[in-house]
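Encoded as structure tokens, the structure appears first; notes follow it.
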Amino acid sequence: RTAFETSPYPVILTLENHVGFVQQAVMAELFKEILGDSLYIPPKDSHRHPLPSPNKLKRKFLLRGKKIILEEEIEEPDEDDSPIDKDKHHVHPHPVAPELSALIGLPSVKLSHNIYQDVNKHPFDGSPSLSENKVYTMFEAAVPIFTYTAERLVKSYPKGLRQDSSNMHPIVSWLCGIQSVAMNFQTAGEELDLNAGLFRINGNCGYVLKPGCLLEGIDPRTMTKPKLKLGIGLFSAQYLPKSEPGKEIIDPYVSVQIFGIPRDETKAKTRIIKDNGFNPEWRDNFYFTLCCPELAIIRFCVKDFDSTSSNDFVGEFSIPVMSLRTGYSQIQLNTGYQHTLDPSASLFVRIAMEEEY
Numbered sequence: 048r049t050a051f052e053t054s055p056y057p058v059i060l061t062l063e064n065h066v067g068f069v070q071q072a073v074m075a076e077l078f079k080e081i082l083g084d085s086l087y088i089p090p091k092d093s094h095r096h097p098l099p100s101p102n103k104l105k106r107k108f109l110l111r112g113k114k115i116i117l118e119e120e121i122e123e124p125d126e127d128d129s130p131i132d133k134d135k136h137h138v139h140p141h142p143v144a145p146e147l148s149a150l151i152g153l154p155s156v157k158l159s160h161n162i163y164q165d166v167n168k169h170p171f172d173g174s175p176s177l178s179e180n181k182v183y184t185m186f187e188a189a190v191p192i193f194t195y196t197a198e199r200l201v202k203s204y205p206k207g208l209r210q211d212s213s214n215m216h217p218i219v220s221w222l223c224g225i226q227s228v229a230m231n232f233q234t235a236g237e238e239l240d241l242n243a244g245l246f247r248i249n250g251n252c253g254y255v256l257k258p259g260c261l262l263e264g265i266d267p268r269t270m271t272k273p274k275l276k277l278g279i280g281l282f283s284a285q286y287l288p289k290s291e292p293g294k295e296i297i298d299p300y301v302s303v304q305i306f307g308i309p310r311d312e313t314k315a316k317t318r319i320i321k322d323n324g325f326n327p328e329w330r331d332n333f334y335f336t337l338c339c340p341e342l343a344i345i346r347f348c349v350k351d352f353d354s355t356s357s358n359d360f361v362g363e364f365s366i367p368v369m370s371l372r373t374g375y376s377q378i379q380l381n382t383g384y385q386h387t388l389d390p391s392a393s394l395f396v397r398i399a400m401e402e403e404y
């Protein structure tokens, strides 16, 4: 009932399917009964065609999960797999009931060690899942995952050791072109701030178009020529809250950090203002040169300096660099334990941008 209240664009439901054939058939009937015409049912030859665009899938639910794999959809097994007869049909460890399989719009597939082969052999609607560690390994080893994510939807998820519900950093996944990064929304922090900042744009509809390099399957790290000079004048702040109720008046400073390709990542910070959360003034200027501004996200983070312990979070605001407007701006901050929008707390800044040729 509430799936499309804030955005008409499709909702993807990833299934953790650990039940038998009979229960799977019941699941299929329930999906059709409850979701009705809102359920996207793929055509029988969906593996031969790219998914419809989000615009064509408005107000639709897509099921993502295991599906009966046809012979032409088989991918080469990983080196760790058992040496079975490759001429036989590939079967999932947990076979899928035909009734449920027919409803899967994004069938799970597994990446092999040959990305180019996967691009040619995987179904067009195939969607693998990669662990946090796998994503980092691929990125560091320069595996051409960008070629794959330019063609198919990929999901990344936190490593199993994150039992405290901490979040993986989404930047590396985004640099790889991965479209869906699983986040623990109950855990506030830098990672979730960047996620909120990216998807705040485009009308907060939940979908953001990739930059051209990722649409073409190009590693953004190959972009080494400066494209943009960014200047930030950080003048003052207003009505900064205490990091916790009852604490002393804060000693605020602001860090300005750029996230993106390794060449572009950098951080600067203002001086510390003693005992003033009401209207501290800095009048500091920072300058950044970016090679891939299309993938850069800027984060303004206000902290309370403490010489005897870690500096406490006060407020933040994150936004893609290409969504910045030049000139003077009053930036509202997200504050509190859950980093929620504060109508009072703000930064007063001036932004200048100059394209490099």
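Following the working numbering, the numbering of the sequence shown begins with 48 at its first residue and continues without gaps.
Note that beta-carbon positions come from the ideal geometry of N, C-alpha and C, so glycine has one too.
Less than 6 Å between C-beta atoms, sequence neighbours within five positions excluded: which residues of the same chain meet that for residue i?
i, result
"N332", "G280"
"P124", "Model confidence at P124 stands at a pLDDT of 39, short of 50, so the residue's coordinates are unreliable; what they give is reported in the following sentence. For P124, where only same-chain residues beyond five positions count, there are no Cβ hits under 6 Å."
"V368", "P340, A343, I345"
"P89", "G152"
"S370", "I248"
"T61", "R111"
"R397", "G280, Y375"
"L177", "S203"
"S227", "K202"
Can you give me the C-alpha to C-alpha distance between residue i and residue j, rounded to a whole angstrom?
i, j, result
"A50", "I81", "13 Å"
"G67", "P57", "28 Å"
"P191", "E76", "40 Å"
"I313", "I151", "Strictly speaking, residue 313 in this sequence is Thr, with Ile absent from that position. Looking at the two C-alpha atoms, the distance is approximately 42 Å."
"K206", "E179", "5 Å"
"H160", "V166", "12 Å"
"I366", "L241", "7 Å"
"R111", "K202", "10 Å"
"Q164", "E237", "36 Å"
"S100", "L256", "11 Å"
"N251", "F364", "15 Å"
"M215", "G83", "35 Å"
"I308", "Q285", "32 Å"
"P145", "I115", "7 Å"
"V349", "P217", "21 Å"
"I59", "F335", "37 Å"
"L287", "N231", "27 Å"
"K107", "E52", "13 Å"
"L337", "P273", "6 Å"
"A427", "G293", "With the chain running from 48 to 404 in the structure shown, residue 427 is simply not present."
"E401", "T269", "21 Å"
"G324", "R48", "43 Å"
"R330", "A315", "14 Å"
"P175", "K181", "12 Å"
"K79", "M185", "38 Å"
"I297", "G383", "14 Å"
"D266", "E403", "21 Å"
"R209", "E187", "21 Å"
How would you label residue i, buried or exposed, when you count the other beta carbons within 10 angstroms and need 16 or more for buried?
i, result
"H96", "exposed"
"L275", "buried"
"S213", "exposed"
"L356", "The sequence given here places Ser at residue 356; Leu does not occur at that position. Flag for S356 reads exposed."
"V69", "exposed"
"G476", "Residue 476 lies beyond the residue range present for the chain, which begins at 48 and ends at 404; the question has no answer from this structure."
"N102", "exposed"
"F322", "It should be noted that the sequence gives Asp, not Phe, for residue 322. It counts as exposed."
"Q385", "exposed"
"S235", "Position check: residue 235 holds Ala in this sequence, whereas Ser was assumed. Label assigned to A235: buried."
"A392", "buried"
"Q233", "exposed"
"K113", "buried"
"R199", "buried"
"S271", "In the sequence on display, residue 271 carries Thr and not Ser. When all chains shown are included, T271 counts as exposed."
"S85", "exposed"
For residue i, name the three-state secondary structure that DSSP assigns.
i, result
"T49", "coil"
"S302", "strand"
"I121", "Residue confidence for I121 is low, a pLDDT of 46 falling below 50, so the modelled location carries little weight and cannot support an answer."
"P292", "coil"
"L147", "helix"
Might you give, ordered along the chain, the residues of its own chain that have their beta carbon closer than 8 Å to the beta carbon of residue i, omitting 5 neighbours on each side?
i, result
"T387", "N381"
"P327", "S283, A284, L287, P299, I320"
"G244", "I344, R346, F364, S365, I366, P367"
"I162", "V190, P191, I192, T194, Y195"
"A72", "A144, E146, L147"
Who are the Cβ neighbours of residue i in its own chain at under 7 Å, not counting the five residues just before and after it?
i, result
"G253", "S54, Y56, F246"
"A399", "G278, T373"
"F347", "V301, V303, E363, F364, I378, L394"
"P258", "E341, L342"
"A197", "G224, L261, L262, E263, G264"
Say the cut is 6 Å; is the CB of residue i nearer than that to a heavy atom of the ligand COA?
i, result
"K314", "The ligand COA is not among the ligands present in this structure, which contains no ligands whatsoever."
- prompt: Unbroken alpha helix (DSSP H) runs of length 4 or more, entirely within the stretch 70-116: which are they?
  reply: Whole alpha helix (DSSP H) segments, 4+ residues: zero.
message: Please give me, in chain order, every unbroken run of the alpha helix (DSSP H) with length at least 4 that falls completely inside the stretch 160-197.
response: As far as the stretch 160-197 is concerned, its whole alpha helix (DSSP H) runs of at least 4 residues are 162-168, 179-187, 192-196.
query: Which whole runs of the beta strand (DSSP E) in the stretch 313-371 are 3 residues long or more, in chain order?
result: Complete beta strand (DSSP E) runs here, min 3: 313-316, 328-337, 344-351, 359-367.
field: Residue ranges of each beta strand (DSSP E) within the stretch 215-277, 3 or longer
entry: Not a single unbroken stretch of the beta strand (DSSP E) spanning 3 or more residues falls wholly within the stretch 215-277.
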